[in-house]
Amino acid sequence: MDTLRAAISKVPAVTAGFWLIKILATTLGETGGDTLSMTYDLGYLVSSAIFVVPLLVLIALQIRARAFNPWLYWATILASTMAGTTIADFADRSLGIGYLGGMTILLALVLLSLLIWRLAMGTIGVESVVSPKAELFYWVTITLSQTLGTALGDWAADDAGLGYLGGALVFGGALVLLVALYRFTAVSRVTLFWAAFILTRPLGATVGDFLDKPLAKGGLDLSRPAATLVLGLTIVVLVALLPQQAGSHPSRETPAGA
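Following this line, the structure appears as structure tokens:
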């Protein structure tokens, strides 16, 4: 008899496929957010309001769902990354606090969210996300991390002078380092997961900006709507083809003597 019983969560197992789709989703978040706020000239505040509404609806549906649904999960991720793009741009640019100011505030909010989650639930490991309360903490933290990643990517590309391609290389290198730490050290897997989750966002942000920003600013000047459509179709294909299964966690109930 197993000493632990497995319980199914409504978030996917963390696999190579998960990270591939996540990076593409964050890139789409940048091009999609910029499409609404810049290409269609709706502005950051209006665009944020447009994205936040479906995000809240999708989070509610995700929490109410009885089982893991990959389409619902990734739709919620996409909504969070597009909302994160326009919210960060609104804070950094419209409110005038700058990339560093926005990045500092958002980093504090992410850490605060993780701390409250840890104190309330005893763990911030994604394998424990099986209750509505844990799911709410999960999605709040994810949305904040998506917003932080946008500000971090913009800061690296502009204020730090790395440019879009340079920023993408730096964040890509940081993710390679995290993989090495995962493979060859005993560093907390939970810490590495959240570090990777946050860093995939600025990677996607800088890649997205590299694709659609003007040539004079170091981009390829591709069409934002076209890039968003291609990325979206690629994600749909990957979600359909790659194995998608719920993560599992040890049950709180442990047999006597275990």
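So the sequence shown is residues 12 to 269, counted in my numbering. Even for Gly, the Cβ is constructed at its ideal location relative to N, Cα and C. Bear in mind that the values here come from a model prediction, so they are computed numbers and not experimental data.
Alpha carbon of T87 to alpha carbon of P225, nearest angstrom: 30 Å
Please return the same chain residues whose Cβ sits closer than 6 Å to the Cβ of D165, not counting the five positions on each side in sequence. Y110
Since S124 is in the alpha helix (DSSP H), which residue starts that stretch and which ends it? G109 to M132
Integer Cβ distance of R212 from G160, believed to fall under 8 Å: 2 Å
Specify the secondary structure class of V22 as computed by DSSP and reduced to three states. strand
Note down, in chain order, each residue of its chain lying with its Cβ closer than 7 Å to the Cβ of L147, except the 5 sequence neighbours on either side. I74
Identify every run of the alpha helix (DSSP H) within the stretch 128 to 209, keeping only runs that are complete inside it and at least 4 residues long; order them along the chain. 143 to 165 and 174 to 195
Span of the alpha helix (DSSP H) holding G95? P81 to D100
In the structure shown, what three-state DSSP assignment does G229 receive? coil
Are the Cβ atoms of G28 and L253 separated by less than 9 Å? yes
Please classify T134 as buried or exposed, where buried requires at least 16 other C-beta atoms within 10 Å of its C-beta. exposed
Kindly indicate which three-state DSSP category G258 falls into: helix, strand or coil? strand
State the DSSP-derived secondary structure class of P266, mapped to helix, strand or coil. In this prediction, P266 has a pLDDT of 35, which is less than 50 and means its spatial position is unreliable; what the coordinates show is noted afterwards. P266: coil per DSSP, three-state reduction.
Test item: CB-CB of A36 and G215 under 9 Å: yes
When the Cα atoms are used, what is the spatial distance from W128 to A119? 14 Å
Beta-carbon contacts of L173 that lie in its chain and below 7 Å, excluding the five residues immediately before and after: A167 and V181
Express the C-alpha separation of T50 and V198 in angstroms, rounding to a whole number. 43 Å
Start and end residues, alpha helix (DSSP H) containing S58: Y55 to R75
For R235, does the count of other Cβ atoms within 10 angstroms reach 16, so buried, or fall short, so exposed? buried
Buried/exposed call for S59, threshold 16 Cβ in 10 Å: buried
For Q255, does the count of other Cβ atoms within 10 angstroms reach 16, so buried, or fall short, so exposed? buried
Simplified DSSP state of D52, which is helix, strand or coil: coil
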